[in-house]
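Numbered according to mature numbering (1 follows the signal peptide of the UniProt record, and there is no 0), the sequence shown spans residues -20 to -1, 1 to 898.
The structure appears below as C-alpha cells.
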Amino acid sequence: MKRVMLLLLTSILLNQQAQAVTPSQEQISQFKQLPKAQQQALATQYGVNLSELNQNVNSEKVTNPQVVSSRSVDDAVVTEVDKGLSSATGMQSDGDAKKEGKKARVLKPFGYELFAGSPSTFAPATDVPVPSEYVLGPGDTVKVQLFGKEYKNYELAVDRNGTITMPETGPMQVVGMSFSEFKSFINEQIDQKVIGAKANVTMGELRSIRIFILGEAYKPGAYTVSSLSSITHALFVSGGITEVGSLRNIQLKRKGRVVTTFDLYDLLLKGDTSNDTNLLPGDVVFIPPVGETVGIDGEVKRPAIYELKQTTTAQQLINLAGGLLTTAYPNASKVERLRSDGTRTVVDLDLSKSKNKKIQLQSGDILRVYSVLDEMENIVKLEGHVHRPGTFAFETGLKLIDVIPSITELKANPDLEYGIIVREEPNIRTLSAIHFSLKQALTQPESNANVELAPRDKIYVFAADQSRQLNGLLNRLRAQARLDEPAKTVDITGHVRYAGEYPLTANMQVQDLVKAAYDLKLETDLDYALLKRRDFAKNITEFDVIKLNNAQDLSKTLQPQDKLYVFSINGKRDSMFADLIAEIKSQTNKQNQQKLVSINGQVRFPGTYPLAENMALADLIAAAGGFTESSYMITANLSRFKTNLTDSSEFEIMPISMDEQSLKTTKLEPRDTISIQTIPEWRDHETVTLMGEFKFPGTYAINKGETLAQLIERAGGFSDKAFVDASIFTRSYLKEKEQVLLNDAERKLRRELVSSQINAGDSQNAETVLALLSQLEATKASGRMIINKQQMLDFTTSVKLRDGDTLIVPQINQAVSIIGEVYAPTAQVHNNGWSLDDYIDAAGGFNQLAESSDVYIIKANGRVVSNTGWFGFDTSIAPGDTIVVPTNVDPIPALTIWKEVTSIIYQSTVAVAAVAAL
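Here it is in C-alpha cells:
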C-alpha cells in the first residue's frame, strides 16, 4: 500500500512541475480510501499540498499547466554564430563608439525576449467560444438544454467508447464529429425522438491532451495541455525557446509527418497567427537548431541578430529591422563579413543605390547603418556674455551686428573691446580665430569691424569683470599644432587684468593682446615690456623690448607662441622672466652667444636681463626700473667679456659717460655688466636707539662717524638710577649672524633627533634633546656686543655707531640670577659673603642634567667668566651677574653643537630680562 502511495505522490509532484504524468484512477481511488490523518501525514512527508492534490486527482478537469519559472533571455544558451556576431558588435567600429563617450552596443538575437519575464503560470483561455471545427473526443463534456414541451438540462461526458447517453435518445456515437456536426446531429435526434422539444447545445469542460515538446525548448518533455492549445501555447508551457533554437522553423509533427511549419517572425513582426495550428493528442512540437544569422546595427528601428529563412538581401534585412530611422545615412553603410580564413573584412555599401540594396548577405554578416552627422552646417553660434546664446541660420552676407544688433542683447558689464570669432576652415577643418571690437562694430557698421560671418562660425562675447573661459578653444588649437606649424596661441603675463594664454587671431598686434587681457593695470611700466618670440626654424628664443606708450611697438604683429611680459613700475622683474633667462642659458653654444646683460648698483631693480637686438645702455636702465635717488650720474663702469671662442678670453673694464647721448648710443654686447655707482658721501637716514635710564631716551638720527659717547651726551647723559656697568649694546649685523647660528643648531638637533644614533639610546636622551629644541625655538638672537664703561663714555676711545645700534641701560640691580640646570632657577639678592655654591644651593642645587664642572658667570656688562684654572673663579660675584649652569651633553655625542650656541642663548636671555625690567 505504501509503495502505491509513494508512486502516487511522486507522480503528483512531477505533475506539479511539468504536467507530464497523470496518476491513474486506481491510484487515486486507493489514496482517497486512506483516513484523512494518513493522507495529511503522507502529504506533509512528501511536501504536497492537499488542496492541490484534490485538484489534481480530478482527472476529468483540465487544469492550467504550470509554466517553467520565468527567465531572462540573457540566461539562455547562445549559439556559436551568435557569439561571434555579439562580440563583433561589441567592437568599436570606425571610432563610432568613442564619439561623445558612448559605449558600443552589443546586439542580441531577435525574438527571444518574448519568453523572458513570463508569468509563473500560463493559462490558455478556457472561456472562449469553441470553434465549429473542434473535434470531439473522449473526456469532452457537452451541455444539452431541452426546451419546449419539456425543459431539461444535461451535462454529458464523452466516454472512452466515444459515446454519450441521453434518456430520450439512448447511446449516441459522437467521437470524431466536429462541434458543428455534433450540434446538427443532436438537433436531429431530438426532433425525431422528442415531440415538441428543441435542443440548445454548448460545450462544457474540454478534455486534456498529451503532447510532446522536443528539440531546443527551454524544458523539453511530455506535457498535458488543454485540447484548445496551439503551437504557441505549447511553447509557453515549456518555457520558450533557447537561443540555440530556431524561431523560424518550428515543426508540428503528427504521426511521424510534418503537418505544418510555424514561423514565429510572422507572429512577432506581422501579428499573423494563421499557421498557429491547434494541437491534437500525441502531437509533437519540434524546435530545430537556429539557422543562418545576420546582424544589423546602427540607425534602424530594431537593431538585433536575425535568423535567415532563405537568401536575404540588405533591403530585406532592413525591413526585418523595422526600416531605417530618420537619422540614418545609408550612403555610408558597411557590411562586416567573416571570411573563410577566419579573418574579418569590411565591405563599403551605399544603400541609397538600388543595386546595393539587393546585395545578398551571408551568415555571420553585420550590416551597420550609420547616422547623419550631429553637426549642423549652415549656422552660426553665439556664446558667452549674452542674454540669448544659441544658433542662428546662416545666409550669404550675414554680418556680426545681424547676430548682435544692439547693446541690449548683452548682459551687464560686457567687454566691448575684445571678442572672438572662431572659424573652421572648410577644406581642412582646422580652427582659426578673428578678434573684433563690438563697440566699433555697433557704432561703425560699415567698417571692417562689422565682420562678415561664414558658415559654422562661433562668436564669443566676454564679460569685463570675469576671466576669459577659453580652455576648450585653446586645447583644440594646441591639438592641431604640427612640427612646421606651431599652435596659434599667444601669451601675456604680468601687470594686466587677465593674464594668460589667448588664441592668435588674424593680424593680431601687441595692442590687441593687451585688449584681450582687458588692458593694463595701474602703475604699469610703459617704458619697458618684453616680447619673447620663438624662431622654430633655428630652434632658438628671441626677444624684443616693447614700449607700451609707443604706437609703432603696439602695432607690432604677433606670431604663434609669442609671449608678452608686462611689468609694474614698483615690482621686481627677475622672477617674472626667470623662465626666459633659463631658456637663453640653455640654448647657448658656439653659434649662439649667451644674450644676457647684467646691471648692478644704484638702479631700482638690479639683476640679469635679456639682451634685445640693438639694445643700448638706456634700454637696460629702463628695464631695471630706472635710477635710484643715490645714483652717480657722471660715469658708470662697463665690464665687457671678450673671447675669440677658441683659446683666449679677457675682461675689459671701461668708464661710460652718463649723459643722455651716451646712454642712447652705447650699444651692449652679450655678457656685459654695468655698475651704477653711488654719489660720494651719500648716506641714507641712519638711526640708533637709546633705551632705559637716560635723561632723554629714544631713537636718534646719527651723523657719519658719530660715537656712542657723543650720542649719550646729546641724550643728556644717564639718569640717577642708571646701572651703567650692566649696559647692553646690540648691533644689527651681529644679531643676524647669531640668528643664523641658532637656526643652524636647531636644524642639526632635529636631524640628530630622528637619526639612529639617538633613537637607539634611552628615552631620557630623547627627552633632553626635545627640551633643548624647545629652548632653541624660543630664543631670538640679541646681537649683543660687550663694551665697557670707557668704550661708552671716553670720547677718544668710544665705539663708532652704525645704523640700527641699540644701547639699553637698566636700573641699578642688587640681584644675582641663577639660570640653567638647577631645580629652581631664580634671582637672589646679592650677599657679599656668599660663594658660587651658596647661590646654586639657593636655586635648589644642580639637577640631573647639570654639567657642574662647566658653570660660568655672565657679568653685568656681558663678559663671561668661566670656572677654570687652579683656583676656580678669578673674580667675585657682583650685583647684576648671572650664574649659568649648562646642560651636560657629554652622554649624547650628537649634541656637541649645543655647546657652540649656549652662550648666545643665555646672553639673549639676559638681554630680554633687561628689556622686560625697563
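All residues carry an ideal CB built from backbone N, CA and C; glycine is no exception.
Note that the coordinates shown come from a computational prediction; the quantities given were computed from them, not determined experimentally.
Between K701 and I792, the C-beta spacing is below 8 Å.
With respect to the 8 Å criterion, Q574 and L534 are not classified as neighbours on the basis of their beta carbons. When secondary structure is reduced to three states using DSSP, S655 falls in the strand class. If you keep only unbroken alpha helix (DSSP H) runs of at least 4 residues inside the segment 310 to 336, you get nothing at all. By the criterion of a C-beta distance shorter than 8 Å, K235 is surrounded in its chain by G262, once the five residues flanking it on both sides are discounted. By the C-beta density criterion, K543 is buried, having at least 16 other C-beta atoms within 10 angstroms. Using a 10 angstroms sphere on the CB of G685, the tally of other CB atoms stays under 16, which defines it as exposed. Shown here, F374 sits in coil according to DSSP, grouped into three states, outside any helix or strand. C-alpha of Q690 to C-alpha of E609: approximately 30 Å in a straight line. In this structure, the alpha-carbon of F216 lies about 10 Å from that of A197.
Across the structure, N430 and I381 are spaced so that their CA atoms are roughly 7 Å apart. Judged by DSSP in its simplified three-state form, E522 adopts strand. Following the DSSP letters along the chain, one finds L597 inside the alpha helix (DSSP H) bounded by residues 597 to 603. Cβ-Cβ separation between V583 and G606: approximately 7 Å, consistent with a contact (criterion under 8 Å). The segment 301 to 318 makes contact with the segment 329 to 345; the number of CB pairs closer than 8 Å reaches 3 or more. Membership of G452 in the alpha helix (DSSP H) is indicated by the continuous run 451 to 459. Spatial neighbours of A598 in its own chain (CB-CB distance under 7 Å, excluding positions within 5 residues in sequence) are listed in chain order as L643, K644. DSSP places Y819 within a helical segment (H, G or I) once states are collapsed to three.
When DSSP states are grouped into helix, strand and coil, E389 belongs to the helix group. With 16 or more neighbouring CB atoms inside 10 Å of its own CB, Y508 falls in the buried class.
Straight across, the Cα-Cα distance linking Y836 with L688 is about 29 Å.
Here the segment 319 to 330 makes no contact with the segment 251 to 266; the two share fewer than three CB pairs at distances below 8 Å. Of the other Cβ atoms in all chains shown, fewer than 16 fall within 10 Å of the Cβ of K391; this residue is therefore exposed. Shown here, T623 sits in a strand according to DSSP, grouped into three states. For L433, the secondary structure class from DSSP, reduced to helix, strand or coil, is coil. With 16 or more other CB atoms across the displayed protein chains lying within 10 angstroms of its CB, G195 is buried. Per the coordinates, the alpha-carbon of A761 lies some 26 Å from the alpha-carbon of Q770. S218 is not a Cβ neighbour of E287, given a cutoff of 8 Å. Using a 10 angstroms sphere on the CB of I191, the tally of other CB atoms reaches 16 or more, which defines it as buried. For N167, the uninterrupted alpha helix (DSSP H) segment begins and ends at 159 to 173. Note that the C-beta distance between G842 and I708 is below 8 Å. Per DSSP, the beta bridge partners of G587 are I579. Within the same chain, V174, I175, G176, A177 come within 8 Å of K129 by CB-CB distance, once the 5 residues on both sides are set aside.
Around the beta carbon of T291, fewer than 16 other beta carbons sit within 10 angstroms, so the residue counts as exposed.
DSSP places M183 inside the beta strand (DSSP E), whose first and last residues are 177 to 183.
For F95, there is no enclosing alpha helix (DSSP H), as DSSP marks it with neither H nor E.
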